[in-house]
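Colleague:
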Amino acid sequence: DDTLTIDRLVEWLAAFRDAVTEQRAWLTELDSAIGDADHGANMARGMAAVMDKLDQGHPATVDELFKSVGMTLVSSVGGASGPLYGTFFLRMGMTAGAVTSFDGAALAAALRAGLDGIVARGKAEAGDKTMFDAVSPAVDALDAALASGGSLAEATRAAADAALAGRDATEPLVARKGRASYLGERSAGHLDPGASSSAILFETLAETVSR
Ligand code: ADP
Ligand code: MG
Ligand code: MG
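FYI, this note's numbering numbers position 65 of the sequence shown as 65, with every residue one higher than the one before it.
1) Kindly indicate which residue of 108, 109, 46 has the alpha-carbon position closest to the one of residue 78.
2) Is residue 101 helix, strand or coil by DSSP?
3) Using the Cα positions of residue 31 and residue 21, report the straight-line distance between them to the nearest angstrom.
4) Would you report the Cα separation of residue 43 and residue 25, rounded to the nearest angstrom?
5) Closer than 8 Å is the cut-off here; do at least three beta carbon pairs connect the stretch 57 to 67 with the stretch 88 to 102?
6) Examine the Cβ distances between the stretch 101 to 108 and the stretch 67 to 75 and report whether three or more of them are shorter than 8 Å.
7) Please classify residue 4: does DSSP put it in a helix, a strand, or coil?
8) Which class does residue 11 belong to by DSSP, given the choice of helix, strand or coil?
9) Taking 7 Å as the line, does the beta carbon of residue 97 fall inside it for any heavy atom of ligand 2?
10) Could you tell me if residue 129 is buried or exposed, where buried requires 16 or more neighbouring beta carbons within 10 angstroms of its beta carbon?
11) Between the Cα of residue 123 and those of 168, 89, 84, spot the shortest distance and give me the residue it belongs to.
12) I'd like the ranges of any alpha helix (DSSP H) spanning at least 4 consecutive residues and lying wholly in the stretch 78 to 149.
13) Within a Cβ cutoff of 8 Å, which residues of the same chain sit near residue 113, ignoring the five residues on either side of it in sequence?
14) Could you have a look at residue 171 and say whether DSSP puts it in helix, strand or coil?
15) Taking the alpha carbon of residue 204 as the reference point, which residue from 177, 57, 106, 19 has its own alpha carbon closest?
16) Grab me the residues of residue 5's own chain with a C-beta within less than 8 Å of its C-beta, minus the 5 sequence neighbours each way, in chain order.
17) State the CB to CB distance for the pair residue 157 and residue 206, rounded to an integer number of angstroms; the pair is presumed to be in contact (CB under 8 Å).
18) Tell whether a beta-carbon distance below 8 Å holds between residue 17 and residue 69.
19) With burial defined as no fewer than 16 other Cβ atoms inside 10 Å of the residue's Cβ, what is the status of residue 186: buried or exposed?
20) Could you compute how far the alpha carbon of residue 135 sits from the alpha carbon of residue 56?
And the structure:
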């Protein structure tokens, strides 16, 4: 099916919550190498708070859904990732408007706006070794797949693969933004934690769409 209803979007968020909870120790290990060892805890706590709120009843429209997600992340995650992921979802909601589902084009527009929000907030550029390096190629791949007539399942799979490749490409980089940048050259040789959680975000999207 080529639309994502609110229920499926909530399934995506639940799948992301489950995945960051399962991979919490690994995300924290990545952050212990080049940060302060809290990225797994930050993402697991934030997404648990998001789903606790949605379990009490979820909004009827996509804009309200992502507004709720973004606000909960901003208020429940203290680290850099709270405002960055929070802004990503808030911008997705603002762009979506009061619709009850996403087709491919609307999903792509919302994700592009979310990426722009990350940039507005954190000023990251390509190769700075941040979550931008996973999210940006994912959004580009989604656009390209849709432009060449791909289905929502094909396009989100292409996005997930691009996010994973982008995550892997952060390993040799020297960080220029965030806490890891304090390490200078010593930040090279490790995956970026935020790019790693972002790759999980796009993987769970592809899995939800094809389920
Ligand atoms: P903190 O660094 O405050 O402990 P987290 O550990 O939860 O927060 O998140 C760290 C991740 O946030 C980094 O791995 C990176 O991907 C992302 N990040 C940090 N600063 C920026 C920025 N300015 N722009 C984009 N992403 C950033
Ligand atoms: Mg950290
Ligand atoms: Mg921290």
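Here a beta-carbon is modelled for each residue, glycine too, at the ideal position from N, C-alpha and C.
Modeller: So, from the data block:
1) The candidate whose alpha carbon is nearest that of residue 78 is 46.
2) Shown here, residue 101 sits in a strand according to DSSP, grouped into three states.
3) Distance between the alpha carbons of residue 31 and residue 21 is about 15 Å.
4) In a straight line, the C-alpha of residue 43 is about 11 Å away from that of residue 25.
5) Yes, the stretch 57 to 67 is in contact with the stretch 88 to 102.
6) With the cut-off at 8 Å, the stretch 101 to 108 and the stretch 67 to 75 do not touch.
7) It is a strand residue.
8) Residue 11 sits in a helix when the DSSP states are folded into three classes.
9) For ligand 2, not one heavy atom lies less than 7 Å from the Cβ of residue 97.
10) By the beta-carbon neighbour count (other beta carbons within 10 angstroms, threshold 16), residue 129 is buried.
11) Among 168, 89, 84, the Cα nearest to that of residue 123 is on 84.
12) The qualifying runs are 81 to 96, 104 to 122, 132 to 147.
13) The residues are 91, 92, 94, 95.
14) Coil.
15) Of the candidates 177, 57, 106, 19, the one whose C-alpha sits nearest the C-alpha of residue 204 is 19.
16) Within the same chain, residue 5 has close Cβ partners 100, 101.
17) The Cβ separation is near 5 Å, so the contact holds.
18) The answer is no: Cβ separation not under 8 Å.
19) The residue in question, residue 186, is exposed, as its Cβ has fewer than 16 Cβ neighbours within 10 Å.
20) Going from the Cα of residue 135 to the Cα of residue 56 covers about 30 Å.
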